[in-house]
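Visitor: Using UniProt numbering, you'd call the opening residue of the sequence shown number 1 and step up by one each time. Where a beta carbon is used, it is the ideal one built from N, C-alpha and C, also for glycine.
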Amino acid sequence: MNKSSINNYFHSLFDIKEEVVGKITETFSHFELKANEVLLNKDEISTKTFFLEKGYVRSFILNEDNEEITTNIYAAPCFVNDFLSFFRQQPAKETYQTITACSFWETGLENVQHNFHNIPEFREFSRLLFVLNYYSIHDRLIEMASQKASTRYFNLMKKHPDIFQFVPLKIIASYLGIKDSSLSRIRRDIHKM
Numbered sequence: 001m002n003k004s005s006i007n008n009y010f011h012s013l014f015d016i017k018e019e020v021v022g023k024i025t026e027t028f029s030h031f032e033l034k035a036n037e038v039l040l041n042k043d044e045i046s047t048k049t050f051f052l053e054k055g056y057v058r059s060f061i062l063n064e065d066n067e068e069i070t071t072n073i074y075a076a077p078c079f080v081n082d083f084l085s086f087f088r089q090q091p092a093k094e095t096y097q098t099i100t101a102c103s104f105w106e107t108g109l110e111n112v113q114h115n116f117h118n119i120p121e122f123r124e125f126s127r128l129l130f131v132l133n134y135y136s137i138h139d140r141l142i143e144m145a146s147q148k149a150s151t152r153y154f155n156l157m158k159k160h161p162d163i164f165q166f167v168p169l170k171i172i173a174s175y176l177g178i179k180d181s182s183l184s185r186i187r188r189d190i191h192k193m
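(1) Taking the alpha carbon of R128 as the point to measure from, which residue in K179, Y175, S4, Y9 has its own alpha carbon closest?
(2) What residue does the beta strand (DSSP E) around S103 start on, and which one ends it?
(3) Which word fits D15, buried or exposed, when buried means at least 16 other C-beta atoms lie within 10 angstroms of its C-beta?
(4) Which term fits N164, buried or exposed, when burial requires 16 or more other beta carbons within 10 angstroms of its beta carbon?
(5) From T49, E44, H160, pick the residue whose C-alpha is nearest to that of T25; which is it?
(6) For M144, which residues of its own chain have a beta-carbon under 8 angstroms away from its beta-carbon, when the five flanking residues on both sides are left out?
(7) Taking DSSP as the reference, what is the three-state secondary structure of T71?
(8) Does the distance from the CB of A76 to the CB of K54 come in under 8 angstroms?
(9) Can you tell me which of the three DSSP states S150 falls into?
(10) Tell me which same chain residues have a C-beta within less than 7 angstroms of the C-beta of K23, skipping the five on either side of it?
(11) K54 bridges to which residues according to DSSP?
(12) Measuring alpha carbon to alpha carbon, tell me which of N115, L169, S184, V21 ends up nearest I99.
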């Protein structure tokens with residue numbers, strides 16, 4: 001299998017030599033999942049980390065009313081995982097499920113640890129990835145607390161217009177923290193403008 005998508009992802013984040021990326025991704029193996037398949041279950045310990053090459057994945061929890069609440073939507077290319085579960089070997093707090101058919105690359109904790117201890121560029125990449133993930137989560141937290149649903153909707157449309165072609169509106173509504181009916185009303189109001 002051709003690893004160009006994962007290699008390009010490394011290069012898109014920072015300056016790294018091709019042979020170093022080759023070393024990092026040497027033990028990554030490819031697999032595919034159909035739509036609506038579970039990548040990682042809540043309470044399962046993550047033993048692999050996943051690079052999403054193609055497709056869309058969501059993470060979700062169940063609230064007290066047993067309703068699914070989407071906590072994140074991942075659009076390729078990106079890494080997808082419960083990183084605390086992976087690095088601390090503790091049960092995941094969310095379920096990760098494909099939204100569309102997806103193509104992945106995976107590698108185990110031992111390989112990540114080996115790369116972290118032996119490849120300085122991988123340490124830098126990992127730090128950058130953690131900072132970007134932290135920023136994304138922090139930014140989302142502020143958005144959810146400070147913006148109206150319609151503003152969050154517009155922001156999502158600006159950042160990821162493709163999501164609306166591939167992700168069901170019910171999942172998007174949940175991600176935005178609103179009911180399906182509210183999302184329908186926001187979309188109706190936009191079309192009237």
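Guide: Let me lay it out:
(1) This sequence places Leu at residue 128; Arg is not what is there. Cα-wise, what sits closest to L128 is Y9.
(2) 102-108
(3) exposed
(4) Asn is not the amino acid found at residue 164; the sequence shown has Phe there. Its Cβ having fewer than 16 others within 10 Å, F164 is exposed.
(5) T49
(6) R152, G177
(7) strand
(8) yes
(9) helix
(10) I119
(11) S103
(12) L169
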